[in-house]
Amino acid sequence: MSRQLISVRDLTVRFRTDEGLVTAVDGASFELKDGEILGLVGESGSGKSVMAKSLMQLNAGNTVYGPESRIIMRDGENGGEIDVLSLTSAQDLKMIRGGAISMIFQEPMASFAPAITVGDQMVEQLLLHTSMTKRQAKDFSIEMLNRVGISDAEQRFDQYAFELSGGMRQRAMIAMALSTRPKLLIADEPTTALDVTIQAQVIDLMKDIVAEFGMAILFITHDLGVIAQTADRVAVMYLGKIVETGSVRQIIQAPEHPYTKGLLNALPNLDDLGAPLTPVAGDIPSPLERPSGCVFHTRCPQVIAGRCDAEIPEIIDLAAGHSVSCFAVPPPVEASV
Amino acid sequence: MTGKPLISVRDLSVHFSISGPLFGPKKIVRAVDKVSIDIAPGTFFGLVGESGSGKTTLGRALLKAVPITGGQIQFSDNGVSFDLSELSKADLKEYRKRCQLIFQDPYAALSPRMTVRDIIAEPLEVMKLTSSREETDERVREIAAKCRLNLEHLRRYPHAFSGGQRQRISIARALVCKPRFLVADECVAALDVSIQADILNLLNSLQKELGLTFLFISHDLSVVAHTCDHVAVMYLGQIVEIAPTKKLFATTRHPYTKALLSAIPHLDPDAEKTAIKLEGEIPSPINPPSGCKFHTRCAFVQDRCRNEEPSLVVKDDGHQVACHFADELMGKTG
Numbered sequence: 020m021s022r023q024l025i026s027v028r029d030l031t032v033r034f035r036t037d038e039g040l041v042t043a044v045d046g047a048s049f050e051l052k053d054g055e056i057l058g059l060v061g062e063s064g065s066g067k068s069v070m071a072k073s074l075m076q077l078n079a080g081n082t083v084y085g086p087e088s089r090i091i092m093r094d095g096e097n098g099g100e101i102d103v104l105s106l107t108s109a110q111d112l113k114m115i116r117g118g119a120i121s122m123i124f125q126e127p128m129a130s131f132a133p134a135i136t137v138g139d140q141m142v143e144q145l146l147l148h149t150s151m152t153k154r155q156a157k158d159f160s161i162e163m164l165n166r167v168g169i170s171d172a173e174q175r176f177d178q179y180a181f182e183l184s185g186g187m188r189q190r191a192m193i194a195m196a197l198s199t200r201p202k203l204l205i206a207d208e209p210t211t212a213l214d215v216t217i218q219a220q221v222i223d224l225m226k227d228i229v230a231e232f233g234m235a236i237l238f239i240t241h242d243l244g245v246i247a248q249t250a251d252r253v254a255v256m257y258l259g260k261i262v263e264t265g266s267v268r269q270i271i272q273a274p275e276h277p278y279t280k281g282l283l284n285a286l287p288n289l290d291d292l293g294a295p296l297t298p299v300a301g302d303i304p305s306p307l308e309r310p311s312g313c314v315f316h317t318r319c320p321q322v323i324a325g326r327c328d329a330e331i332p333e334i335i336d337l338a339a340g341h342s343v344s345c346f347a348v349p350p351p352v353e354a355s356v
Numbered sequence: 015m016t017g018k019p020l021i022s023v024r025d026l027s028v029h030f031s032i033s034g035p036l037f038g039p040k041k042i043v044r045a046v047d048k049v050s051i052d053i054a055p056g057t058f059f060g061l062v063g064e065s066g067s068g069k070t071t072l073g074r075a076l077l078k079a080v081p082i083t084g085g086q087i088q089f090s091d092n093g094v095s096f097d098l099s100e101l102s103k104a105d106l107k108e109y110r111k112r113c114q115l116i117f118q119d120p121y122a123a124l125s126p127r128m129t130v131r132d133i134i135a136e137p138l139e140v141m142k143l144t145s146s147r148e149e150t151d152e153r154v155r156e157i158a159a160k161c162r163l164n165l166e167h168l169r170r171y172p173h174a175f176s177g178g179q180r181q182r183i184s185i186a187r188a189l190v191c192k193p194r195f196l197v198a199d200e201c202v203a204a205l206d207v208s209i210q211a212d213i214l215n216l217l218n219s220l221q222k223e224l225g226l227t228f229l230f231i232s233h234d235l236s237v238v239a240h241t242c243d244h245v246a247v248m249y250l251g252q253i254v255e256i257a258p259t260k261k262l263f264a265t266t267r268h269p270y271t272k273a274l275l276s277a278i279p280h281l282d283p284d285a286e287k288t289a290i291k292l293e294g295e296i297p298s299p300i301n302p303p304s305g306c307k308f309h310t311r312c313a314f315v316q317d318r319c320r321n322e323e324p325s326l327v328v329k330d331d332g333h334q335v336a337c338h339f340a341d342e343l344m345g346k347t348g
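These protein sequence lines map, in sequence, to chains A and B.
Position in the first sequence counted from 1, then plus 19, gives you this note's numbering.
Position in the second sequence counted from 1, then plus 14, gives you this note's numbering.
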C-alpha cells in the first residue's frame, strides 16, 4: 500500500508587514500519501499558495512560522524523516527544493527565463540535482520533452519560452519539474491560464504521470470541475483555514461546510441552464481584518449569532476521511466503541 | 429574431499585416474573416472560442477600436444609425457615447492614482456630458448605487477593493455615459467563482433595468450558457456555429462546439467520459489550413473538408452551422 509521504501539522504562517503581522495560514493540517492527488481549493487570498510554498520554505524573508508548526517529510532511502521547517543550510534546502519537491506554476511564461533556451534551463537543474553529465542531461531532457507529448523535442530543446505556445510551455514546465524525479509535485493553478481544450490535455497528462511515476501531487486550483476530474482527496481553504477535507466524492456530492456548498452552488451548471446563479454573499475580508470566531461567519448563510462570531469551531470527523469545522454541522452520533 | 437588429455585421474582415522576411511579401493575419452577425436589441450575444480565435478583435471592431479591412457594420437605435465603415470624426464621438467596453482584468483597468469617484466620472468629463460638478456627482452616485457600490467608497482608491468590487467599479464607469451597447470582454475570467456569479447576476439585472445590449465575449461555455440569449462560436477568425443558446446546447451541430463542450471538466467525478479530445492546438492564423479551417483537429474529417471551405448554412430556426457533415454528425458524440 502507499505510504505516507508528507505530514503537515498546525501550520501557521504569518508575514511581518508595515501594518503588523498578517496571518496567511492558520493552523492547517493535512497528509499526503505516495501517488495521491490532493486538491486544494479556495478563492484568491485564502492562503493556498502560501501553504504550498511553505513545504519548500519558499516564502519571503518576512515569514514567521508558528512555534507549533511541523512539516515532516519521509526521507526515501533510509526510512528517516526530514523536518522541513528546521532546515536552514542552503545545501539541505536544495535537497527539498527541486529535489524531493518540484513545483509548476500558473504562468509558464513568467516562470521560464526569457533569455535562456528551454533546454538549457532543464539541463541546469539536472546538473544541480543529479550526478548526470551534461551530455546525459541533454539526452534525458529531450526524452522527458517527448514523454510529455511535445513534438520535435530536439528542436524545441533549443528554443526559447516565447517561441512555444501556452499549452506547450506548460508541458515543458511539467517535463522540467518531473525530470529530477521528485516525490511530491506542487501544481499551483497549472491549467488556469489555458484554454479548456488544452486544459483537458494537460489534466490527462498529469494523471498519466502519477500512474507512471507514482509521485504525490498537491493540486491547487479554484476550479471545482478540474478538482472533480483529477483529485483523490480535496481540502477546502478559506482565509488560511482548512474548513473541510474529504474524498473528492464526499466533497463534491455531499459537502457539509456552508462555504463548500456556496462554492458549488456558484458554479454555472450546463445541465440546467435556467437555474439561477447563487454567489457566496459578500467579499472575502482583508487578511488584516480577520473576523473573530469562525473566519467564514461574515458571509455564512447558516451563521449562529453569538456563537460563530465568538468561538472558533473545532475540526470534527464526520465519516472516514471526511472532516469539517463548522458549528452548524451536527456532529455524528457516537457509535459505541 | 424580431425587429431590427441593434448591430448588423456583414462580411466583416479585420486583417493585420505583420513584418515578414525583409524581402518578399508581407504576411497577413486574418484575425476576423468575413463574419456576419446580427445582435438584437436588449439581448446578450455570446461569443466563444479558444484564445487566438479572433473574439476580442471582433469585439473591438464593433467599437471601431481597430481598423476595419472590409465589410459593413451598421448600428441603429431609436432612429439614430451609424455605418461604422464610414464614420466622420464627429459621428465617431457620438458613436462612442453609445458604446462602451468592460475589461477582463479589474486590477489593470483602474488607475491606482484616481479615486473611485474620479474613475467613474472620467467618461462624463471627457465627453462633456455634464455641465456642472454637481450634475457629474449626481450621475456618479446614481450609477454607483445601481452597481451596488457603497457610496462611502467613492472617495477611496482602487487598491482598497477586492476583485469583485473593482469589477463593479469598471461596470459603473462603462455605464455612466448611458450607453446602449456594451462589449464585455472576458469580464469574469479573472474572478473567483463565488464572485463570478455575483457579477453575472449584476450584469443581468442591469441589462433588464436599462435595456442594454451586450456582446459577451468568453472562453467559458458554461458562463455563456447561463448569461446569453444567442451564442456564436468562433474558430480562426470565422464563425462556425450560431444559435439561440438553448438550441446550441440541446442540439450541438459543429464538431468544434462539441469538442469545446466536452472539454469542460465535469463536476461529477463519476461522470461518463464521452469526451471528444481535441488533439494539438489552434493553428496559426498567419497560415490557416486549407478548406475547413478546423479539419486539422476534427475527429470526423473527410477529404472534402481538406479542399472545400464550408459556408455558414441555416439549418432550422436561426441555427446556423459551417460544416459539410453537420447533418450526418447530429447524433454523434464521438
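Where is the CB? At the ideal position from N, CA and C, for every residue including glycine.
The region 24 to 35 of chain B / the region 194 to 206 of chain B touching (three or more Cβ pairs under 8 angstroms): no
Residues near B:Met15 in its chain [Cβ-Cβ closer than 6 angstroms; skip 5 each side]: On the second sequence, position 1 is the one that residue 15 of chain B refers to. The pLDDT assigned to B:Met15 is 47, lower than 50, so where the model puts this residue is not dependable; a value taken from the coordinates is nonetheless given after this. Excluding sequence neighbours, B:Met15 sits near Ala54.
Closer than 8 angstroms to chain B by CB, A:Ile193: Residue mapping note: residue 193 of chain A aligns to position 174 of the first sequence, counting from 1. Not closer than 8 angstroms to any Cβ of chain B, the Cβ of A:Ile193 fails to qualify, so no.
is_contact[A:Gln178, chain B] using C-beta, thresh 8 angstroms: Translated into the one-based positions of the first sequence, residue 178 of chain A becomes position 159. For A:Gln178, the answer is no, since every Cβ of chain B falls outside 8 angstroms of its Cβ.
Spatial distance of B:Ile256 from B:Leu61 (CA atoms): Here residue 256 of chain B refers to the residue found at position 242 of the second sequence. Here residue 61 of chain B refers to the residue found at position 47 of the second sequence. Roughly 9 angstroms between the two C-alpha positions.
Contact belief for B:Glu295 with A:Ile217 at Cβ below 8 angstroms, rounded distance in angstroms: The count along the second sequence starts at 1 and reaches residue 295 of chain B at position 281. The count along the first sequence starts at 1 and reaches residue 217 of chain A at position 198. Rounded, the Cβ-Cβ distance is 6 angstroms, consistent with contact.
Secondary structure of B:Leu250, DSSP reduced to three states: Position 236 of the second sequence, counted from the start, is the residue given in the question as residue 250 of chain B. DSSP places B:Leu250 in coil when its eight states are reduced to three.
Residue burial classification, B:Phe37 (beta-carbon count within 10 angstroms, cutoff 16): As a working note, residue 37 of chain B is residue 23 in the second sequence. So B:Phe37 ends up on the exposed side.
Cross-strand partners of A:Thr82 (DSSP beta bridge): Walking along the first sequence from the start, residue 82 of chain A turns up at place 63. A:Phe34, per the DSSP bridge assignment.
Alpha helix (DSSP H) runs contained entirely in the region 141 to 168 of chain A, provided each spans 4 or more residues: 153 to 166
DSSP state of A:Ala329 mapped onto helix, strand, coil: Numbered from its first residue, the first sequence carries residue 329 of chain A at position 310. Three-state result, A:Ala329: coil.
A:Pro349 versus A:Glu263: straight-line alpha-carbon distance, rounded: In the first sequence, residue 349 of chain A corresponds to position 330, counting from 1. In the first sequence, residue 263 of chain A corresponds to position 244, counting from 1. For A:Pro349 and A:Glu263, the distance between alpha carbons rounds to 14 angstroms.
Where B:Arg180 falls: helix, strand or coil (DSSP): Mapped onto the second sequence, residue 180 of chain B falls at position 166. It is helical.
A:Asp45, buried or exposed, once every other Cβ within 10 Å from all chains shown has been counted against 16: Position 26 of the first sequence holds residue 45 of chain A. With 16 or more Cβ atoms within 10 Å of its Cβ, A:Asp45 is classed as buried.
Where the region 212 to 232 of chain A meets chain B: residues whose CB sits under 8 angstroms from a CB there: Asp214, Val215, Thr216, Ile217, Gln218, Ala219, Gln220, Ile222 and Asp223
Length of the line joining the Cα atoms of A:Ile303 and B:Val237: In the first sequence, residue 303 of chain A corresponds to position 284, counting from 1. In the second sequence, residue 237 of chain B corresponds to position 223, counting from 1. Near 22 angstroms, if we compare the C-alpha coordinates of B:Val237 and A:Ile303.
Nearest candidate by alpha-carbon position, reference B:Gly178, set B:Leu217, B:Leu72 and B:Val190: Within the second sequence, the letter at position 164 stands for residue 178 of chain B. Checking every option, the nearest Cα to that of B:Gly178 belongs to B:Leu217.
Exposure of A:Ser355, with buried meaning 16 or more beta-carbon neighbours within 10 Å: For this step, residue 355 of chain A is matched to residue 336 along the first sequence. Confidence is the limiting factor: at A:Ser355 the pLDDT is only 45, short of 50, which leaves the residue's position unreliable and the question unanswerable from this model.
Closer than 8 angstroms to chain A by CB, B:Ala159: Start at 1 with the first residue of the second sequence, and residue 159 of chain B comes out as number 145. False, the Cβ-Cβ gap to chain A never drops below 8 angstroms.
Members of the region 232 to 260 of chain B near chain A, C-beta cut-off 8 angstroms: His233, Asp234, Leu235, Ser236, Val237, Ala239, His240, Thr259 and Lys260
Given B:Ile213 as reference, the closest of B:Arg131, B:Asp243 and B:Arg180 once Cα atoms are compared: As a first step, residue 213 of chain B is located in the second sequence; it is residue number 199 there, counting from the start. Of the candidates B:Arg131, B:Asp243 and B:Arg180, the one whose C-alpha sits nearest the C-alpha of B:Ile213 is B:Arg180.
Neighbourhood of A:Arg7 by C-beta, 6 angstroms cutoff - its chain only, sequence neighbours within 5 removed: Residue coverage of chain A in this structure runs from 20 to 356, which leaves residue 7 of chain A outside it and unanswerable.
Reduced DSSP secondary structure (H/G/I, E/B, other) of B:Pro39: Position 25 of the second sequence, counting from 1, holds the residue named residue 39 of chain B. Coil, per DSSP.
C-alpha distance - A:Ala339 paired with A:Leu237, whole-angstrom precision: What you label residue 339 of chain A is simply residue 320 of the first sequence in a count that begins at 1. What you label residue 237 of chain A is simply residue 218 of the first sequence in a count that begins at 1. Answer to the nearest angstrom: the Cα atoms are 21 angstroms apart.
Alpha carbon of B:Lys291 to alpha carbon of A:Glu55, nearest angstrom: Mapped onto the second sequence, residue 291 of chain B falls at position 277. Mapped onto the first sequence, residue 55 of chain A falls at position 36. One C-alpha to the other measures close to 25 angstroms.
Residue closest to A:Tyr278, alpha-carbon to alpha-carbon, out of A:Ile261, A:Asp291, A:Asn288 and A:Pro287: The residue labelled residue 278 of chain A in the question sits at position 259 within the first sequence. Nearest C-alpha to A:Tyr278: A:Ile261.
Inside the region 184 to 257 of chain A only - alpha helix (DSSP H) runs reaching at least 4 residues: 185 to 197, 215 to 232 and 243 to 249
Contact the region 338 to 345 of chain B vs the region 303 to 321 of chain B: 3+ CB pairs below 8 angstroms: yes
Any chain B beta carbon closer than 8 angstroms to A:Ile303: Walking along the first sequence from the start, residue 303 of chain A turns up at place 284. It does: the Cβ of A:Ile303 has a partner Cβ on chain B nearer than 8 angstroms.
For A:Ser355, three-class secondary structure by DSSP: Position 336 of the first sequence, counted from the first residue, corresponds to residue 355 of chain A. Residue placement at A:Ser355 is poorly supported in this model, since its pLDDT is 45, which falls under 50; the coordinates are not used for a value here.
Straight-line gap, A:Asn284 to A:Arg116 (C-alpha atoms, nearest Å): To locate residue 284 of chain A, count along the first sequence from 1; it is residue 265. To locate residue 116 of chain A, count along the first sequence from 1; it is residue 97. Taking the straight line from one Cα to the other gives about 38 angstroms.
Cβ-based contacts, 7 angstroms cut-off: residues of the region 283 to 300 of chain A near chain B: Ala285, Leu286, Pro287, Leu289, Leu292, Leu296, Thr297, Pro298 and Val299
Beta carbon proximity, A:Gly46 to chain B, threshold 8 angstroms: The residue labelled residue 46 of chain A in the question sits at position 27 within the first sequence. It does not; no Cβ of chain B falls within 8 angstroms.
Euclidean distance between Cα positions of A:Asp94 and B:His240: Locating residue 94 of chain A in the first sequence gives position 75, where the first residue counts as 1. Locating residue 240 of chain B in the second sequence gives position 226, where the first residue counts as 1. The alpha-carbon atoms of A:Asp94 and B:His240 are separated by roughly 49 angstroms.
Among A:Tyr84, A:Val245 and A:Gln140, the one whose alpha carbon lies nearest that of A:Val60: By 1-based counting over the first sequence, the position of residue 60 of chain A is 41. If we check each option's Cα against that of A:Val60, A:Val245 comes out closest.
B:Pro35: contacting residues in chain A (beta-carbon distance under 8 angstroms): Position 21 of the second sequence, counted from the start, is the residue given in the question as residue 35 of chain B. Correct list: empty, because the minimum Cβ distance to chain A is about 17 angstroms.
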